[in-house]
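Asker:
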Amino acid sequence: MDTRKLHIPIPFELEINTINKINLEALWKASTSPINEIIFDFSRVEFVRPSGLVAIVALMKFSKHLKIADRYYLRESKNYEVRQYLKRMGFYDQFGIIRENPAPKTKSNFSLCELREVISESEADKVTEQLANIIKEQMQPERNMINAISHTLGEVINNVFHHSNSPVNGFVCAQTYKSLKKVEIAIADCGIGIKESLWGNPMYRFILDDFEAIKTALGKKVTSKPLENAGEGLFVCQRFIKENSGQMDIISGNAHYTLLNDEVFNKKHQYWQGTIVSLVFNIDKPIDPKKIFDSEFPIDAEFDDLF
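Residue numbering for the sequence shown follows the UniProt record's numbering, beginning at 1 and increasing consecutively.
Pasting the structure below:
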């Protein structure tokens with residue numbers, strides 16, 4: 001009897017910088033030569049951040065879509081707190097795993113956003129509103145600033161639904177870390193990625209490198225749909241992060257872009273089918289909208305009108 005198995009150990013700390021430690025190559029190889037069973041092994045996991053959570057859920061969903069294996073297994077973390085956190089964030093719900101004593105959820109929790117699957121434009125709008133409320137509660141920005149942030153996040157999330165062409169839905173979640181005075185928002189899909197998405201616009205069909213594609217996507221008014229009024233999402237997110245001295249990570253294809261403390265780092269990455277975006281804001285550092293927008297828009301403009 002053929003008992004070919006694929007064992008995928010999940011890193012000790014599941015976050016943006018450890019996604020590259022997951023054996024993605026073995027998964028892509030199995031997509032052309034299906035196996036009997038695959039085990040996603042969380043047993044060693046001790047900590048999970050939003051970026052790692054959205055990435056692993058998208059990856060697991062995508063592996064099922066590709067019909068990599070006949071059977072899929074989940075080996076849980078040995079850490080009770082990790083299991084409780086995954087339950088609280090709706091991880092098990094995504095795979096129809098029924099847990100005893102489900103974690104309580106509240107309608108107005110402004111410190112986190114459980115895993116949300118972007119299944120429609122209306123769902124994208126709801127997720128955007130929830131994320132904006134978290135930013136509003138944790139950072140207390142000016143009204144115009146929260147309007148701008150809401151619009152910007154909305155455009156990034158809508159890209160998952162409209163432009164990623166992902167065979168599985170994209171995922172979003174967020175978490176506040178009070179002791180670190182940070183908020184992390186993460187988005188992941190297993191779509192065509194930034195480079196191929198840009199190819200939808202004839203202006204960018206010359207781009208052959210994933211790093212160049214990310215750099216281009218961070219420019220102003222860059223969109224894969226030349227006739228649409230879009231293209232500010234990643235550009236403005238980058239401006240927010242710079243002003244806030246936060247951190248922005250984008251993984252797409254073979255590229256991992258990081259903006260940290262106003263410095264840019266580019267790293268090679270195992271091929272990721274799609275795009276992952278992680279935004280980390282400092283709660284205790286206000287964002288001055290004038291410093292962000294005065295160089296791009298009229299000083300007396302209302303952000304409601306701009307967007």
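Cβ atoms here follow ideal geometry from the backbone N, Cα and C, with glycine treated the same way.
(1) What would DSSP say about I292, mapped onto helix, strand or coil?
(2) Quick one: measure Cβ to Cβ for F42 and E76, integer angstroms, because I've assumed they're closer than 8 Å.
(3) As a quick exercise: from D70, L279, Y271, G274, pick the residue whose alpha carbon is nearest that of L259.
(4) For the alpha helix (DSSP H) that contains D125, what are its first and last residues?
(5) Would you say F281 and N254 are within 8 Å of each other, going by their C-beta atoms?
(6) Just to confirm the assignment, what range does the alpha helix (DSSP H) spanning K87 have?
(7) Closer than 6 Å by C-beta to A213: which residues in its own chain qualify, once you throw out the five before and the five after it? Chain order, please.
(8) Around the Cβ of T32, are there at least 16 other Cβ atoms within 10 angstroms (buried) or fewer (exposed)?
(9) Okay, do the region 119-128 and the region 82-92 touch, 3+ Cβ pairs below 8 Å being the bar?
(10) Taking just the CA atoms, how far does I134 sit from E114?
(11) Measuring CA to CA, which of D189, W28, I35 is closest to L6?
(12) Going by other Cβ atoms of all chains shown within 10 Å of its Cβ, with 16 needed for buried, is P11 buried or exposed?
(13) May I have the straight-line CA-CA distance separating E228 from N147, to the nearest angstrom?
(14) For V54, which residues in the same chain have their Cβ closer than 6 Å to its Cβ, ignoring the five residues on either side in sequence?
(15) Could you give the DSSP three-state label for T176: helix, strand or coil?
(16) Measure the alpha-carbon distance for E129 versus K181 and round it to whole angstroms.
(17) Excluding five sequence neighbours on each side, which residues of the same chain lie with their C-beta closer than 7 Å to the C-beta of K285?
(18) Would you report the Cα separation of L86 and L14, rounded to the nearest angstrom?
(19) In the DSSP assignment, find the unbroken beta strand (DSSP E) run with L74 in it and report its ends.
(20) Starting from C113, follow its DSSP beta bridges and name the residues at the other end.
(21) If we count the other Cβ atoms within 10 Å of its Cβ and call it buried at 16 or more, is residue 343 buried or exposed?
(22) Which partner residues does A255 have in the DSSP bridge list?
(23) Could you tell me whether the Cβ atoms of L131 and L112 are closer together than 8 Å?
(24) Taking the alpha carbon of N79 as the point to measure from, which residue in R44, L27, Q273, F265 has its own alpha carbon closest?
(25) Judging by CA-CA distance, which residue of I97, R49, L66, R239 is the nearest neighbour of N261?
(26) Measure the alpha-carbon distance for K215 versus N159 and round it to whole angstroms.
(27) Assuming I287 is part of the alpha helix (DSSP H), what are its boundary residues?
(28) Could you work out which residue in R4, I16, G219, S63 is closest to Q247 when comparing CA atoms only?
(29) What separation, rounded to the nearest whole angstrom, lies between the Cα atoms of A26 and P9?
Answerer: Working from what's here:
(1) The answer is helix: DSSP assigns I292 an H, G or I state.
(2) Distance from F42 to E76 at the Cβ level is roughly 6 Å; contact confirmed, criterion being Cβ atoms closer than 8 Å.
(3) That would be L279, whose Cα lies nearest to the Cα of L259.
(4) From DSSP, the alpha helix (DSSP H) with D125 extends over 121-139.
(5) A distance of 8 Å or more separates the beta carbons of F281 and N254.
(6) Per DSSP, K87 belongs to the alpha helix (DSSP H) from 80-88.
(7) Within the same chain, Cβ atoms closer than 6 Å to the Cβ of A213 are found at I194, K195, L198, I207, the five residues on either side in sequence being excluded.
(8) Exposed: under 16 other Cβ atoms inside 10 Å.
(9) As far as the Cβ criterion goes, the region 119-128 does not touch the region 82-92, which means the pair count is below three.
(10) If you take the alpha carbons of E114 and I134, they lie about 12 Å apart.
(11) Nearest C-alpha to L6: I35.
(12) Buried, since its Cβ has 16 or more Cβ neighbours within 10 Å.
(13) For E228, the pLDDT reaches just 46, beneath the cut-off of 50, and the residue's location in the model is therefore unreliable, although a value from the coordinates is still provided. Looking at the two C-alpha atoms, the distance is approximately 21 Å.
(14) F171, C173, A186, A188.
(15) Taken through DSSP and simplified to helix, strand or coil, T176 comes out as strand.
(16) So the alpha carbons of these two residues sit roughly 21 Å apart.
(17) Once the five neighbours on either side are set aside, the close Cβ partners of K285 are N244, S245.
(18) Spanning the two alpha carbons is a distance of roughly 12 Å.
(19) Taken as a continuous stretch (DSSP letters only), the beta strand (DSSP E) holding L74 covers 69-75.
(20) Looking at the DSSP assignment, C113 forms a beta bridge with A174.
(21) Residue 343 cannot be examined here, being either before or after the span of the chain that is shown, 1 to 307.
(22) Beta-bridge pairing links A255 to S252, K268.
(23) Against a cut-off of 8 Å, the Cβ pair of L112 and L131 comes out as no contact.
(24) Of the candidates R44, L27, Q273, F265, the one whose C-alpha sits nearest the C-alpha of N79 is R44.
(25) Minimum Cα distance to N261 is reached at R239.
(26) K215 and N159 have their alpha carbons spaced roughly 17 Å apart.
(27) Premise fails: I287 is in no alpha helix (DSSP H) and is neither H nor E.
(28) Here the closest residue by C-alpha is I16.
(29) Using only the alpha carbons, I get a separation of about 12 Å.
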